[in-house]
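Residue numbers (the numbering used here), protein chains in the order written: chain A, 1 to 97; chain B, 101 to 197. Just so it is clear, CB atoms sit at the ideal spot from N, CA and C, and this is done for glycine as well. Here the structure is a predicted model, which means the values were calculated and not measured.
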DNA sequence: GAACTTGGTAAGTAGAGACTGACCGTCAGT
DNA sequence: ACTGACGGTCAGTCTCTACTTACCAAGTTC
């Protein structure tokens, strides 16, 4: 999801300040459609929401989706680290046997 | 890095229990070389270390590299969330103006 | 309402990377 | 020493995806 540099940058920019597609594209080394496509992905993932503002669309971070995303991440790390810890302890027990 | 399903699974498996390449490949839907390549990437990233054990190589999680990796992640999220928070507060101030 | 701006979508391309089969080196057991 | 198991690497393929150009729809401005 946020593995792609460009997409991560876009996400950071939007987090810093709600912006339109054009504003984002102007400061990035990719074309406007590319930005639009990245925003679509971020939107589908629930990380951003867009709001029509006359001629433009303003993109901003979606706090709920962001929280859900982080929760997923945290869950992964919690599970993985717990498993690792347990495995490490078993190794210690094995060494001490 | 951990965006790829297979690689993430491999990492989780290694975290659960230190294993050889063959053991990992046996329970995964990909070939042994594929596992070997994923492990190389994980090793280059410092997430795992390998230790020769006679004929085989045992892969285990590298606590230091893991900590560094998590630190990077945390840094990204801390920065991003801080920026977002500040941006949100400015918006509130703007609305109240 | 005509011209301009903004942005989403479609189609096609190019590059990245995940995967396989083949090959080779190394170690263990006989 | 020979044989078999384990695993790293190479070369090639195939899929995925990020990107661009072109086009179209909707809105604003004069």
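Residue 84 of chain A touches chain B at which residues, Cβ-Cβ below 7 Å?
-> 115, 161
Rounded separation between residue 123 of chain B and residue 138 of chain B - CA only | 14 Å
Report all residues from its chain with a CB closer than 7 Å to the CB of residue 66 of chain A; omit the five preceding and five following residues, and keep chain order.
-> The answer, listed in chain order, is 47.
Any beta-carbon of chain B closer than 8 Å to the one on residue 97 of chain A?
-> Any reading at residue 97 of chain A is ruled out, since the residue's pLDDT is 45, under 50, leaving its predicted position unreliable.
For residue 41 of chain A and residue 113 of chain B, the rounded distance between their alpha carbons = Spanning the alpha carbons of residue 113 of chain B and residue 41 of chain A requires a straight line of approximately 29 Å.
With 16 other CB atoms within 10 Å as the buried threshold, where does residue 50 of chain A fall?
-> buried
Can you name, in chain order, every residue of its own chain whose Cβ lies under 8 Å from the Cβ of residue 132 of chain B, other than the five neighbours on each side?
-> 121, 122, 125
Residue 209 of chain B to residue 15 of chain A, Cα distance in whole Å?
-> Outside the shown range of chain B, which is 101 to 197, sits residue 209 of chain B, and nothing can be said about it.
Flag residue 103 of chain B as yes if its beta-carbon sits less than 8 Å from any beta-carbon of chain A, otherwise no.
-> yes
Taking 8 Å as the CB-CB limit, is residue 57 of chain A close to chain B?
-> no
Pairwise C-alpha distance: residue 30 of chain A and residue 89 of chain A = 49 Å
Selection from B/185, B/107, B/160, B/191 that minimises the alpha carbon distance to residue 91 of chain A | B/160
Any idea if residue 172 of chain B is buried or exposed, counting beta-carbon neighbours within 10 angstroms, 16 or more meaning buried?
-> exposed
Do residue 56 of chain A and residue 187 of chain B have their CB atoms nearer than 8 Å?
-> No; because the gap between Cβ atoms is not below 8 Å, this pair is not in contact.
Just the C-alpha distance for residue 6 of chain A and residue 43 of chain A, rounded to the nearest angstrom, thanks.
-> 15 Å
In terms of residues, what are the limits of the beta strand (DSSP E) holding residue 149 of chain B?
-> 148 to 153
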